[in-house]
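This report concerns only the one structure given below.
Numbering (our numbering), first residue to last: 566 to 876.
See below:
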């Protein structure tokens, strides 16, 4: 595809009805990436990104001073956002209701970028059925000093263990340090069941190979190991959206890849804007993702938890 340019971003925003202020403001200084350049990127990947992003509650990472400045998470509407970034009232655990963000089209992506958003983090459920997740995600988070090869091998091992449980899965480099292994789900189970399976799965992995894996967030227990973060599989938790940019050096993106590509990956931040945009125009690395009909069952949970059940 053609090189991303500021002009492309300005044109895309205007066509979508989004007012883009300071389009030439530099967001990633070393790469010379501007706000308009980011909009051009999201215009290029919107067709691939929106099926994962649309109609989900979001947490946004906003960086008013660019990727090298202070950034912060924002999940509740505090006012000032363009109308293309929608609001959804959600009742929280304490009984209070808060307005969350969601997006349902490319204009929403551009409007959030106008508000200095550099990362889009998604719930595991959509707004029409908030209590029934449609994805399971395991985040492989390596301790400092571990080679990326350890992450690659772990991703394949998790894939194989999930397959043994009856779940197909797909890999994504996060644009950070790790790989997400994502399993789409039919919306059959509610959050407690999905979290219970994710927890039992991660703990079984850590129990079987304690020299490699840990399922605890404790820094002391993670030394030299891979943390299998299952905590993204609960109500209100989020994970980086496929094709989202990251607020990190080099302007990397979270990019879905094929299982046949994993062995050749050198790092998790291998796809800067132009490379990610180019991939978005190539054949889908996750064919069949949205057509995979699978769900977590009690038998699956019993199996990973080590419970003996009768046929």
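Just so you know, even glycine gets a beta-carbon here, dropped at the ideal spot from N, CA and C.
Classified as exposed, residue 662 has fewer than 16 neighbouring CB atoms from the shown chains inside 10 Å of its CB. Residue 826 and residue 832 have their alpha carbons spaced roughly 12 angstroms apart. Cβ atoms of residue 732 and residue 758 stay farther apart than 8 angstroms, at about 14 angstroms. For residue 631 and residue 595, the gap between their C-alpha atoms comes out near 11 angstroms. For residue 817, same chain residues with a beta-carbon under 7 angstroms away, outside a window of 5 residues either side, are 740, 811, 834, 836 and 837 in chain order. Residue 627 is positioned such that its CB atom lies no closer than 9 angstroms to that of residue 807. Judged by their CB atoms, residue 866 and residue 778 are not nearer to each other than the 9 angstroms cut-off. Under DSSP, residue 818 takes part in a beta bridge, and its partners are 810. Secondary structure note for residue 736: its beta strand (DSSP E) is the uninterrupted segment 735–738. A check of alpha carbon separations from residue 701 across 793, 711 and 581 identifies 793 as the nearest. Taking residue 657 as reference, the option from 586, 799 and 815 with the minimal CA-CA separation is 799. Using a Cβ-Cβ distance cut-off of 8 angstroms, the stretch 648–656 and the stretch 673–693 are in contact, since at least three pairs of beta carbons, one from each stretch, lie closer than that value.
Below 8 angstroms, enough C-beta pairs join the stretch 599–613 and the stretch 572–579 to call them touching: three or more. As summarised for the stretch 652–681, the continuous alpha helix (DSSP H) elements at least 4 residues long and confined to that stretch are 671–679, given in chain order. Per DSSP, residue 707 lies in no alpha helix (DSSP H); the unbroken beta strand (DSSP E) holding it starts and ends at 700–707.
Assignment of beta strand (DSSP E) within the stretch 597–629, counting only whole runs of 3 or more residues, yields 623–627 in chain order. In the displayed model, residue 723 falls within a helix according to three-state DSSP. A residue is called buried when at least 16 other Cβ atoms come within 10 angstroms of its Cβ; residue 638 does not meet this threshold and is exposed. Straight across, the Cα-Cα distance linking residue 699 with residue 744 is about 19 angstroms.
In this model, residue 729 and residue 605 are separated by some 41 angstroms (Cα to Cα).
For residue 762, the enclosing alpha helix (DSSP H) covers residues 756–773.
In the three-state scheme derived from DSSP, where H, G and I count as helix and E and B as strand, residue 805 is classed as strand.
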